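Colleague: Numbering (mature numbering (1 follows the signal peptide of the UniProt record, and there is no 0)), first residue to last: -21 to -1, 1 to 218. Note that the Cβ used here is the ideal one computed from N, Cα and C, for glycine as well. Predicted model, so just to flag it, every value in this text is computed and none were measured.
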Amino acid sequence: MNGKNKLTLSFIFALVGFMIAIQFQTTQNPEERDTRDLWEVRTEIQEQQKIQQELYSELEDLDVMLNQYEGKSETEQIDALKKSIQMLEKEAGLTEVSGKGIAIHVKPMFQEMNMPQTYPTLAPGLLQRLINELNNYGAKEIAIGNERITNLTPIRDVNGYTYVNNHPLPSLPVQIKVLTDNPQKLQEYMKVSQSRDEFAIENLELSFELREQLTLPAYEEVPPLNDIKIDENVETGES
């Protein structure tokens, strides 16, 4: 194998390793003090099991990919590499994606009482539990407002405001877009979900709308992989 082919395969290893790291990173930052209830712990375990299965799948795909590169000409390897980059970008949420799904509308719910009421807000913990439940019920891709949700997405409190992907969540009402293979089934699950009850306790109403076509924005915190260049003019020798 000549030096240029070695460079190409090294790039493939680095690229796929980077994408696997995206899947794996969030499992490496446990909370300092676990204050979750039983339902939250069970949901988190299910989510981590799902991530582990995705990691195994990524490793299997890597093995298949490397076998496909063997025996190909240099031009064929370059073409296959470009296709792999496009596929990995899509899987990591780095590209805009469209499909069928449901739109979830989160809006304030005020009680009928003759006294001042505090305008409700969407807390990070409540939002994270909703996302976990959506994933458990078959969500494929999720976006909140203009923010795409991936395994790298941080959802946290910053001075009393909820931040998603390091950007403040807009004031209510807010829309959550969810792509899924079976929108009707997901909607039925969510109408009787624990999240809906928890939102109601916080004076937040969840309503659901089936959509034949939804478009979710790309995750913008990671530079697109097509910005990575391979210098084909590097002088290499035979090994």
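Tell me, please, which residues DSSP counts as bridged to Y140.
Modeller: BP columns for Y140 point to V137.
Colleague: Quick check on DSSP: helix, strand or coil for E200?
Modeller: Looking at E200 - three-state DSSP - the assignment turns out to be coil, as it is neither helix nor strand.
Colleague: Is G80 near the ligand GTP, going by C-beta to nearest heavy atom under 8 Å?
Modeller: The ligand GTP is not among the ligands present in this structure, which contains no ligands whatsoever.
Colleague: Taking Cβ to Cβ, would you say Y116 is nearer than 9 Å to S172?
Modeller: Taking 9 Å as the Cβ cut-off, Y116 and S172 qualify as a contacting pair.
Colleague: So, with DSSP's three-state summary, where would you put F178?
Modeller: The answer is helix: DSSP assigns F178 an H, G or I state.
Colleague: Should E53 be labelled buried (16 or more other beta-carbon atoms within 10 Å of its own) or exposed?
Modeller: Flag for E53 reads exposed.
Colleague: Excluding the five sequence neighbours on either side, which residues of its own chain have a C-beta within less than 7 Å of the C-beta of N161, listed in chain order?
Modeller: Closer than 7 Å at the Cβ level, and outside the excluded window around N161, lie G117.
Colleague: Does the beta-carbon distance from A197 to T74 come in below 9 Å?
Modeller: Taking 9 Å as the Cβ cut-off, A197 and T74 qualify as a contacting pair.
Colleague: If you follow the alpha helix (DSSP H) that E68 is part of, which residue opens it and which one closes it?
Modeller: That run of the alpha helix (DSSP H) goes E53 to E70.
Colleague: Spell out a yes or no on whether the region 100 to 109 and the region 139 to 150 are touching, meaning 3 or more CB-CB pairs, one atom from each, closer than 8 Å.
Modeller: Contact holds: three or more Cβ-Cβ distances are below 8 Å.
Colleague: With a Cβ-Cβ cutoff of 9 Å, do T159 and K79 count as a contact?
Modeller: Cβ distance < 9 Å, so T159 and K79 count as in contact.
Colleague: If the criterion is Cβ atoms closer than 9 Å, does the pair S174 and E112 meet it?
Modeller: Contact flag set, yes.
Colleague: Any idea what DSSP makes of S36, helix, strand or coil?
Modeller: Note: S36 maps to helix in three-state DSSP.
Colleague: Exposed or buried, which one is V43 when buried takes at least 16 other CB atoms within 10 Å?
Modeller: So V43 counts as exposed.
Colleague: Do you know whose CA, among V137, R108, D176 and E184, lies nearest R21's CA?
Modeller: With distances taken between Cα atoms, R21 lies closest to R108.
Colleague: Kindly indicate which three-state DSSP category G80 falls into: helix, strand or coil?
Modeller: The answer is strand: DSSP assigns G80 an E or B state.
Colleague: Is the beta carbon of A82 sitting closer than 9 Å to the one on L165?
Modeller: Against a cut-off of 9 Å, the Cβ pair of L165 and A82 comes out as no contact.
Colleague: Tell me the DSSP bridge mates of F89?
Modeller: DSSP, once it has assigned bridges, lists no residue as partnering F89.
Colleague: Within this structure, are the beta carbons of V143 and E126 separated by less than 9 Å?
Modeller: Yes. Within cutoff.
Colleague: Could you check what DSSP says for V157 in three-state terms: helix, strand or coil?
Modeller: In this structure, V157 counts as strand in the three-state DSSP scheme.
Colleague: Go ahead and label F89 buried or exposed: buried means 16 or more other beta carbons lie within 10 angstroms of its beta carbon, across all protein chains shown.
Modeller: It counts as exposed.
Colleague: Please determine, among T141, Q154, E70 and P87, the residue with the shortest C-alpha to C-alpha distance to A122.
Modeller: A122 has its Cα closest to that of Q154, out of T141, Q154, E70 and P87.
Colleague: Taking just the CA atoms, how far does E55 sit from T129?
Modeller: Between T129 and E55, the C-alpha separation is close to 31 Å.
Colleague: By DSSP's criteria, A102 is part of a beta bridge. Which residues make up the other side?
Modeller: DSSP, once it has assigned bridges, lists no residue as partnering A102.
Colleague: Restricting to Cα atoms, I'd like to know which of S63, Q25, G72 and I180 is closest to T132.
Modeller: Residue G72 is the option with its Cα nearest to T132.
Colleague: With DSSP as the reference, label E191 as helix, strand or coil.
Modeller: In this structure, E191 counts as strand in the three-state DSSP scheme.
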